[in-house]
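Residue numbers (our numbering): 9 to 263. Each residue gets a CB set at the ideal place from its N, CA and C atoms; glycine is no exception. In what follows, a structure is listed as structure tokens, so that the remarks can point back to it.
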């Protein structure tokens with residue numbers, strides 16, 4: 009995977025984003041000189057991954073907003089999930105999940121795959137992606153900004169396993185409650201079609217980029233009820249009906 013031929017301007021963007029994340033601080037806005045194509049944004053992302061002091065434990069998959077689908081011939085986007093940001097749900101207490109206090113922060117209930125050595129061995133869990141970035145309102149700047157900043161990911165919460173995910177025929181009702189208020193809900197009638205489509209995209213993209221997907225890799229398959237923005241101190245319960253629930257609290261990043 010070539011990472012040393014990145015143009016100097018993109019290297020500067022990468023350096024700003026990596027420094028801000030390492031320091032746990034927000035930026036006033038996106039660095040100037042962001043890529044104009046998804047391919048260049050992924051090149052920048054790979055450059056940043058190589059300079060981040062943690063192992064890639066998985067990948068988040070998100071959607072390209074409808075407003076950009078006529079510009080980019082891709083429905084999904086992806087970013088790394090680093091090992092030190094993965095947490096396991098605790099039935100006894102909410103799990104602390106760090107976010108950038110003055111940047112962007114959101115909670116997304118998701119189905120999470122853990123890959124096996126073969127697709128037949130893949131497992132599924134309920135969980136949450138913590139979308140957070142040093143760039144305030146990062147989504148307003150489009151997919152290239154999101155991809156460039158590690159896919160706007162800052163953590164993964166893994167909850168109970170979905171044992172019957174391959175054979176389940178009935179829908180799943182998912183509710184996101186934040187600070188006691190219903191933030192979003194959805195009846196997932198076509199479970200697990202959307203999650204499998206996200207996984208298929210990630211496998212293709214990883215192959216194109218030269219990234220291995222070893223056994224144990226997590227894949228967070230996309231927001232189910234929406235991208236629910238929330239600040240430091242927010243508490244959330246994400247309920248997946250008969251599949252269980254996870255609870256979390258957003259806390260401020262420290263450098």
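Contact annotation: residue 119 and residue 141 have beta-carbon atoms that are not nearer than 7 angstroms.
The residues 86, 87, 89, 137, 159, 161, 228, in chain order, have a CB closer than 7 angstroms to that of residue 68 in the same chain once the five nearest residues on each side in sequence are set aside. Listed as beta-bridge partners of residue 62 by DSSP are no residues whatsoever. Residues of the same chain with a CB within less than 8 angstroms of the CB of residue 220, apart from the 5 flanking positions on each side, are 214 in chain order. If you check the CB distance, residue 143 and residue 73 do not come in under 7 angstroms. Ranked by Cα distance from residue 30, the first of 20, 61, 247, 13 is 61. DSSP places residue 111 in the coil class of the three-state scheme, outside both helix and strand. Residue nearest to residue 250 within the set 65, 40, 71, 172 is 172 (criterion: CA-CA distance). Ranked by Cα distance from residue 82, the options 175, 152, 13 are led by 152.
Residue environment for residue 206: buried (at least 16 other C-beta atoms within 10 angstroms of its C-beta). The Cβ-Cβ distance between residue 193 and residue 201 does not fall below 7 angstroms.
Excluding the 5 residues flanking it on each side, residue 95 has same chain C-beta neighbours closer than 6 angstroms at 103, 165, in chain order. Counting only runs of 3 or more residues that sit fully inside the region 202-241, the beta strand (DSSP E) segments are 226-228, in chain order.
Around the beta-carbon of residue 222, fewer than 16 other beta-carbon atoms lie within 10 Å, marking it exposed. With contacts defined as CB atoms closer than 7 angstroms, residue 115 and residue 244 qualify as a contacting pair. Setting aside the 5 residues that flank it on each side, residue 191 is surrounded in the same chain by 184, 236, each with a C-beta closer than 6 angstroms to its C-beta; the list follows chain order. In the displayed model, residue 154 falls within a helix according to three-state DSSP. Residue 204 counts as buried, since at least 16 other C-beta atoms from the protein chains shown sit within 10 angstroms of its C-beta. For residue 164, the uninterrupted beta strand (DSSP E) segment begins and ends at 161-169. Contact between residue 46 and residue 21 does not hold, since the beta-carbon distance rounds to 15 angstroms and is not under 8 angstroms. With 16 or more neighbouring CB atoms inside 10 Å of its own CB, residue 56 falls in the buried class. Rounded to the nearest angstrom, the Cβ distance from residue 196 to residue 180 is 4 angstroms, consistent with a contact under 8 angstroms. The C-beta distance from residue 18 to residue 43 rounds to 6 angstroms, short enough to meet the 8 angstroms contact threshold.
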